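Q:
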Amino acid sequence: MKGKLSQFPSSLQLAILLALFVVLNLVYSLVLIGVFPLISGGISYENINNLQASNTQAISALKVGQMFYTLFAYFLPALLFAYWASHEKIGAYLKINKTPNISQSAIAIGIMLFALPLVGALAVWNQGWQLPESLMKVEDQAEQLTKTILATDNIGGLLFNLIVIAVVPAISEEFLFRGAMQNICHKWFKNGWVAVIFTGAVFSAIHFQFMGFMPRFFLGVLLGAIYLVSNNLWLSIIGHFINNALGVITAYLINIGQVSKEMENDELLPWYMLLASALIVMGLFFLLKRQGRNGNNNRQDEGVISIS
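Be aware that the sequence shown starts at 53, since it is given in my numbering, and climbs by one per residue.
1. Check Ile148 in the structure and name its three-state DSSP category.
2. Just curious, the alpha helix (DSSP H) that Arg245 is in, first and last residue?
3. Short check: CB of Ser58 to CB of Ala130, under 8 Å?
4. In chain order, what residues of the same chain have a beta carbon less than 8 Å from the beta carbon of Leu340, not counting five sequence neighbours either side?
5. Rounded to a whole number of angstroms, what is the C-alpha to C-alpha distance between Ile236 and Pro61?
6. Does the stretch 142–152 touch the stretch 112–122, meaning 3 or more C-beta pairs lie closer than 8 Å?
7. To which residues of the same chain is Lys56 closer than 7 Å at the C-beta, ignoring the five residues directly before and after it?
8. May I ask you to report which of helix, strand or coil DSSP gives Asp192?
9. For the alpha helix (DSSP H) that Thr302 lies in, which residues bound it at each end?
10. Give the secondary structure of His238 by DSSP, where H, G and I count as helix, E and B as strand, and everything else as coil.
11. Just tell me which of Gln310, Met263, Ala67 and Arg230 has its CA closest to the CA of Gln182.
12. Using a 10 Å radius around the Cβ and a threshold of 16 neighbouring Cβ atoms, would you call Ser63 buried or exposed?
13. Just how far apart, CA to CA, sit Tyr145 and Ile85?
14. Hey, is the stretch 287–305 in contact with the stretch 216–226, meaning 3+ C-beta pairs nearer than 8 Å?
15. Starting from Ala175, follow the alpha helix (DSSP H) in both directions and report where the run begins and ends.
16. Could you check whether Ala330 and Leu170 sit closer than 8 Å to each other, using their CB atoms as the reference points?
17. Who are the near neighbours of Gln118 in its chain, counting only those whose CB is closer than 7 Å to its CB and skipping five residues on each side?
18. Alpha carbon to alpha carbon, how far is His139 from Val75? Give it in angstroms, no decimals.
19. According to the neighbour-count rule (16 or more other Cβ atoms, all chains shown, within 10 Å of its Cβ), is Asn243 buried or exposed?
20. Is Tyr304 closer than 8 Å to Thr204 when the C-beta atoms are compared?
21. Please name the residue in Arg230, Gly231, Ala232 and Ala247 whose C-alpha comes closest to that of His238.
22. So, helix, strand or coil for Glu354, using DSSP?
23. Closest to Leu271 by CA distance: which of Ile258, Met325, Gly252 and Phe260 is it?
24. Among the residues of its own chain, which have a CB less than 7 Å from the CB of Phe124, if the five just before and after it don't count?
25. Mind checking which residues open and close the alpha helix (DSSP H) that includes Phe73?
26. Can Gln109 and Ser96 be called in contact, C-beta distance under 8 Å?
27. Short of 6 Å in beta carbon distance, which residues of its chain neighbour Asn107, apart from the five on each side in sequence? Order them along the chain.
28. Name the residue from Val273, Leu285 and Glu319 whose alpha carbon lies nearest to the alpha carbon of Val333.
29. For Ile68 and Phe250, I'd like the C-alpha separation in whole angstroms.
30. Note down the Cα distance separating Arg351 from Arg342, rounded to an integer number of angstroms.
Right, here's the structure in full:
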């Protein structure tokens, strides 16, 4: 079965990857619906939107369930597809067989940090969209549930949240969207930037949070561009982790009273600051591309993951 999908057209490969995602998503959801009451103290999964932060057992169960959902619905389809779609090792197909150097990692982190004003501007614009009342209710429930999950005032809870919300999603989602899907789309469209934009749109849409569609789409494009320019999935994983970790740490600092709750609110900065942000991000991408070119000339591949 290894490499069998490589002979299929890219459009069919994409359909198979999406089918894998949907099937494993449904399977895990059905299992979680049955198991969740057993590990949450009798709370049914259908009632998770009514959870209180004081119900620590149910919240912990929800976090564990979310972590395994991410692994099962995102990480596993990417690994299976990479195995079936390529005759080379999984690490080489996903481009995780090279260790990024410190300079590349710092540039990727810088891109995510200096892009924050642009992300905030898109969030402010997106929040002005008029959505049907039914969708607004779903958005409000999702936002409240996120706040409940992030509600912790101790280091143990912070570390757990970082694993569940930053580490696991960064690896799993980048494997699926950039490592697998963007690779397929690059071959299909014969254009790396079209693949970046398409994958970024799917990445945002699949989260089903329309009030955050544009900033998440932009983040997806940034991560896809990091992957395209560097040819190294670890750098987009690092960028994804930084973005999610900032949200987790900010929520923790708010919970312990170290920063104001106003930090949660997106603010539209003056146009010249947004322009400066865009120029810095473009400059960092130029540096990243040059770093990648130099690295390819001076370094041999390192087998970080050699799953065959």
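Cβ coordinates follow ideal geometry from the N, Cα and C atoms, glycine included.
Note that the coordinates shown come from a computational prediction; the quantities given were computed from them, not determined experimentally.
A: Short version:
1. In this structure, Ile148 counts as coil in the three-state DSSP scheme.
2. The sequence given here has Trp at residue 245, not Arg. Where Trp245 is concerned, the enclosing alpha helix (DSSP H) starts and stops at Gly244 to Ala257.
3. no
4. Gln156, Ile159, Ala160, Ile163, Ile278, Val281, Ser282 and Leu287
5. 9 Å
6. Too few Cβ pairs lie closer than 8 Å, so no.
7. Trp136
8. Under the three-state reduction of DSSP, Asp192 is assigned to helix.
9. Leu285 to Asn307
10. Helix at His238.
11. Measuring from the Cα of Gln182, the nearest candidate turns out to be Met263.
12. exposed
13. 34 Å
14. yes
15. Leu168 to Gln179
16. yes
17. Val216
18. 24 Å
19. exposed
20. yes
21. Ala247
22. Low local confidence applies: a pLDDT of 40 at Glu354 is under 50, so the model's placement there is unreliable, and no value is given.
23. Ranking the options by Cα distance to Leu271, first place goes to Gly252.
24. Leu76 and Tyr80
25. Ser62 to Ile91
26. no
27. For Asn107, where only same-chain residues beyond five positions count, there are no Cβ hits under 6 Å.
28. Closest in alpha carbon position to Val333, among Val273, Leu285 and Glu319, is Val273.
29. 17 Å
30. Note that Arg351 scores a pLDDT of 44, beneath 50, so its modelled location is shaky; the value from the coordinates is reported in the next line. Taking the straight line from one Cα to the other gives about 14 Å.
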